[in-house]
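Here is the structure we will look at, set down as structure tokens.
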Amino acid sequence: MDRINTKDIKAWNAEYMFHPFADPNAIAKDKPLIIEEGRGALVFDIDGKEYIDGQGGLWNVNAGHGRKEIIEAITAQLNKLQYYSLFGGTTHGPAIELSKLLVDLTAQEGMTQAFFSTGGSEAVESAMKLARQYWKLAGKPERTKFISLHRAYHGVAFGGLSANGTPAFRQAFEPLMPGFFRTETPYVYRNPFTDDPAELAHICATLLDRLIEDQSPNTVAAFIAEPIQGAGGLIVPPAEFWPLVRKVCDKHGILLIADEVVTGFGRTGSMFGSRLWGVAPDIMVFAKGINSGYVPLGATMFNARIEQAFRKAENAWFMHGNTYLAHPLACAAALANLDIVVKEDLAANAASVGGYFLDRLNAMQQRQPHVGDVRGKGLMIGVELVADKKTKAAFTSDDQFGAKVSKRCRDHGVLVRNIYDTFIISPPLILTRAQVDRMVDVMDEALTFQTRAYAKG
Numbered sequence: 151m152d153r154i155n156t157k158d159i160k161a162w163n164a165e166y167m168f169h170p171f172a173d174p175n176a177i178a179k180d181k182p183l184i185i186e187e188g189r190g191a192l193v194f195d196i197d198g199k200e201y202i203d204g205q206g207g208l209w210n211v212n213a214g215h216g217r218k219e220i221i222e223a224i225t226a227q228l229n230k231l232q233y234y235s236l237f238g239g240t241t242h243g244p245a246i247e248l249s250k251l252l253v254d255l256t257a258q259e260g261m262t263q264a265f266f267s268t269g270g271s272e273a274v275e276s277a278m279k280l281a282r283q284y285w286k287l288a289g290k291p292e293r294t295k296f297i298s299l300h301r302a303y304h305g306v307a308f309g310g311l312s313a314n315g316t317p318a319f320r321q322a323f324e325p326l327m328p329g330f331f332r333t334e335t336p337y338v339y340r341n342p343f344t345d346d347p348a349e350l351a352h353i354c355a356t357l358l359d360r361l362i363e364d365q366s367p368n369t370v371a372a373f374i375a376e377p378i379q380g381a382g383g384l385i386v387p388p389a390e391f392w393p394l395v396r397k398v399c400d401k402h403g404i405l406l407i408a409d410e411v412v413t414g415f416g417r418t419g420s421m422f423g424s425r426l427w428g429v430a431p432d433i434m435v436f437a438k439g440i441n442s443g444y445v446p447l448g449a450t451m452f453n454a455r456i457e458q459a460f461r462k463a464e465n466a467w468f469m470h471g472n473t474y475l476a477h478p479l480a481c482a483a484a485l486a487n488l489d490i491v492v493k494e495d496l497a498a499n500a501a502s503v504g505g506y507f508l509d510r511l512n513a514m515q516q517r518q519p520h521v522g523d524v525r526g527k528g529l530m531i532g533v534e535l536v537a538d539k540k541t542k543a544a545f546t547s548d549d550q551f552g553a554k555v556s557k558r559c560r561d562h563g564v565l566v567r568n569i570y571d572t573f574i575i576s577p578p579l580i581l582t583r584a585q586v587d588r589m590v591d592v593m594d595e596a597l598t599f600q601t602r603a604y605a606k607g
């Protein structure tokens, strides 16, 4: 087949492909930006225009675009073995090597086993199945329920979607699975309880404790949460929250599942989001930054408590998996990627550059009347836009304020994701301070422009 030319690609854009999380009619009117090339923290569209990738692909290009080390690792593996299955008594070297590396990297959290998948949604499903089977093997088959947070995001499969804490994500697919319950999220900027973060942490932990009691602890399998909530609006919990959650889970004997799909491998300025809060979960869920998105991959890890339940059982088949889990190319990419993450200490760069980014954004907040809150850890940053700072009143859906600001940023060479008038900033962890300056300057100008337009009605 001959190489399709640019003219054809542009003409076919939004004509034949259904897009994720999008209204197809809106996509047809405002066609997607066609990204053609990537280098470092930059991407280029089909016409050669340069953009700073403030989205990091989709939270996942931690090591940056076009890393030769990762590309060469994939190519070498492709020339050796392009695919083999982990079913039926076979495996391959990259999967074995990667599982050992992941156990080593998570030794502080006590993980002892890795189960692979092809992405975050599947990794979450694996975690939920492991939790339910664990309790059956432990002689407590009645422990089947899961508790999550309001505004939680745990992927798009039916288990993760049933734990989702945002109605807009769930409504089109209801009814969802029974046995899923949600409790209050520690959203410091917007909550009905207090302005004191430490007090909020205690309140939310108490509400979790009460919900477990209400459901009866001997029926609850696990509590699942993101160390920092991502798609729910980038909600950073108070420092006290996760340690308190661990205590509540231990009190009732339930499992703690950390959904580290976004927070894993340096994004928060710590290697893992759980480690940021000094907490060891029972299960950790990875994807995205595990290999910077070069080939789809996910992983679900668990500790000795769960491993031993399987080891001691006479019949402990884990009847779960799919054809492409632990794909050799994905594992090879992950090994090269994690070598970069560790050797270049991308977590430290995320902490340093992310701190500088937050300082610049906080200064911008002081002069921008519609920037209500700036929050984040490392290079996982949220900027919440409001119609009124004093009341925290949100814009109406008709205003499209955040969408218009995001569009103007894109027009000026900066890609930032807008979710419900909150900018989600998640660039590659190799981002420089000079690139931060460029991003903030463009965002500042776009906000000023749209503020004037909004004032005119």
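Residue numbers (our numbering): 151 to 607. Positions of the beta carbon are idealized from the N, C-alpha and C atoms, including for glycine.
Within its own chain, the residues whose Cβ lies closer than 8 Å to the Cβ of F551, once the five positions on either side in sequence are excluded, are H520, L535, A537, F545, D571, Q600 and Y604, listed in chain order. Excluding five sequence positions before and after F265, the CB atoms of its chain that fall closer than 6 Å to its own CB belong to S276 and T450, given in chain order. The straight-line gap separating the alpha-carbon atoms of F507 and P291 is approximately 48 Å.
Rounded to whole angstroms, the gap between the alpha carbons of L183 and D561 is 10 Å. If you ignore the 5 residues before and after L475, its C-beta comes within less than 7 Å of the C-beta of L236, F266, S267 and T268, all in its own chain and listed in chain order. Under the three-state reduction of DSSP, V590 is assigned to helix.
Scanning the region 370-418 for uninterrupted beta strand (DSSP E) segments of 3 residues or longer gives 370-375 and 405-409, listed from N- to C-terminal end.
In its chain, beyond the 5 residues on either side, L350 have a beta carbon closer than 7 Å to the beta carbon of N341. Beta bridge pairing from DSSP links L299 with T333. Ranked by Cα distance from G528, the options R558, R517, D549 and L496 are led by L496.
Where R425 is concerned, the enclosing alpha helix (DSSP H) starts and stops at G423 to L426. A Cβ-Cβ distance of about 4 Å is found for the pair P388 and P347, placing them in contact under the 8 Å criterion. Counting along the chain, D195 sits inside the beta strand (DSSP E) bounded by residues L192 to D195. Between M589 and G190, the gap from beta carbon to beta carbon reaches 8 Å or more. Taking C-alpha positions only, D173 is separated from R320 by approximately 15 Å. Counting C-beta atoms within 10 angstroms of its own C-beta, K542 has fewer than 16 neighbours from the protein chains shown and is therefore classed as exposed.
Using a Cβ distance threshold of 8 Å, I297 and L357 do not count as a contacting pair. Under DSSP, K527 takes part in a beta bridge, and its partners are M530. A direct Cα-to-Cα measurement between V193 and G207 gives close to 9 Å.
For G188, same chain residues with a beta-carbon under 6 Å away, outside a window of 5 residues either side, are H215 and G216 in chain order. The alpha helix (DSSP H) runs lying completely inside the region 333-363 and spanning 4 residues or more number zero.
Closest option to Y201, judged by alpha-carbon separation, among L252, V566 and H477: V566. At a cut-off of 4 residues, the continuous stretches assigned as alpha helix (DSSP H) that sit fully inside the region 430-489 are 454-462. Sequence-distant partners of A501 (beyond 5 residues in either direction) whose C-beta falls short of 6 Å from its own C-beta, in its chain, are G419 and G528. Burial state of Q227 is buried, judged by a 10 Å Cβ sphere holding 16 or more other Cβ atoms. Annotation: N568 to N465 spans about 48 Å, alpha carbon to alpha carbon. When DSSP states are grouped into helix, strand and coil, F573 belongs to the strand group.
M261: member of the beta strand (DSSP E) spanning M261 to S267, first to last residue. If you draw a straight line from the Cα of A245 to the Cα of I385, it comes to about 34 Å. Within the same chain, and ignoring the five residues on either side of G270 in sequence, the residues whose Cβ sits closer than 6 Å to its Cβ are G305, V411, A437 and G448. Note that the region 367-381 does not touch the region 482-491; fewer than 3 beta-carbon pairs, one per stretch, sit closer than 8 Å. Put simply, of L597, K160, E363 and R425 the residue whose alpha carbon is nearest the alpha carbon of Q518 is L597. By the beta-carbon neighbour count (other beta carbons within 10 angstroms, threshold 16), S366 is exposed. Contact between I433 and L280 holds, since their C-beta atoms are separated by about 6 Å, short of 8 Å.
In the three-state scheme derived from DSSP, where H, G and I count as helix and E and B as strand, N568 is classed as strand. According to DSSP, residue pairing for L535 in a beta bridge involves V521.
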